[in-house]
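Trainee:
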Amino acid sequence: VVSTQSTGHDIVRTARMTALGVFLVGPAIRTWYFSLDKVFGSSMVWSTTLKKLALDQLLFAPSFVGVFIITNNALQSIPFSETRSILRSDYAKLVIANWSLWVPAQLLNFSVIPLQHRVLFSNCVSLMWNTYLANKAHDTSHIMDNIDTEAGKLDNVI
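Numbering (this note's numbering), first residue to last: -14 to 143.
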């Protein structure tokens, strides 16, 4: 029996998110991790871990949140003026939500995960984070409704 009922799955959105992961997120994260190891070394001692974490979350993460939203919206042909408006109103909340997931994840990543496995570990965490971002970006009329509640849920998961 073949069902003609729609599952509600958005294949175009899935393809877009896959393309973002393959062509933007994956290469950027790999390059970033290798750069951090080049600058700070590959030691997993706390002082090195905290330096990597600070640079990652205070420089890379805030920049990449913006890059991700801009690129995702551009791929959807959303006018840049609308994207700029979304970023102006919601960027800080997105970065804070990012920190609620990524600070603990990156602390673990930089302290116990060997370099050759960091991208894989991040990809697993990214699946959750990018799904969250995609869902927020998909609902452009209410992109950040209840972000504080959802960020709290992320804290409880970690």
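Quick reminder that beta carbons are idealized off the backbone N, C-alpha and C, glycines included.
Tell me which same chain residues have a C-beta within less than 8 Å of the C-beta of L38, skipping the five on either side of it?
Mentor: For L38, where only same-chain residues beyond five positions count, the Cβ hits under 8 Å are V88, Q91, L92 and F95.
Trainee: Taking Cβ to Cβ, would you say L79 is nearer than 7 Å to V50?
Mentor: Against a cut-off of 7 Å, the Cβ pair of V50 and L79 comes out as a contact.
Trainee: Quick one: using the 10 Å Cβ neighbour count with 16 as the cut-off for buried, is F65 buried or exposed?
Mentor: The residue in question, F65, is exposed, as its Cβ has fewer than 16 Cβ neighbours within 10 Å.
Trainee: Just to check my reading of the structure: V97 and M2 have Cβ atoms closer than 8 Å, yes? What is that Cβ distance to the nearest angstrom?
Mentor: So it is not a contact: roughly 28 Å between Cβ atoms.
Trainee: Which of the three DSSP states is assigned to M2 in this structure?
Mentor: The answer is helix: DSSP assigns M2 an H, G or I state.
Trainee: State whether the region 96 to 113 contacts the region 15 to 22, with contact taken as three or more CB pairs (one from each stretch) at a distance under 8 Å.
Mentor: Verdict: yes, contact present.
Trainee: Within 10 Å of its beta-carbon, does D158 have 16 or more other beta-carbons around it, so buried, or fewer, so exposed?
Mentor: Within the shown structure, residues of the chain are numbered from -14 to 143, placing residue 158 beyond reach of any answer.
Trainee: Taking all protein chains shown into account, decide if L44 is buried (16 or more other Cβ within 10 angstroms of its Cβ) or exposed.
Mentor: With fewer than 16 other Cβ atoms within 10 Å, it is exposed.
Trainee: At the level of alpha carbons, what is the spacing between S74 and G6?
Mentor: Going by the C-alpha atoms only, they are around 25 Å apart.
Trainee: Considering only their Cβ atoms, is the gap separating N83 from T68 smaller than 7 Å?
Mentor: Not a contact, by the Cβ cut-off of 7 Å.
Trainee: Does the Cβ of T34 have 16 or more other Cβ atoms within 10 Å, making it buried, or fewer, making it exposed?
Mentor: Result: buried.
Trainee: At which residue ranges does the region -10 to 78 contain complete alpha helix (DSSP H) runs of 4 or more residues, listed in the order of the chain?
Mentor: The qualifying runs are -4 to 5, 11 to 25, 31 to 40 and 46 to 60.
Trainee: On the premise that I81 lies in contact with I54, defined as a C-beta separation below 8 Å, what is that separation, rounded to the nearest angstrom?
Mentor: The Cβ separation is near 15 Å, so there is no contact.
Trainee: Pick helix, strand or coil for P99, following the three-state DSSP scheme.
Mentor: Looking at P99 - three-state DSSP - the assignment turns out to be coil, as it is neither helix nor strand.
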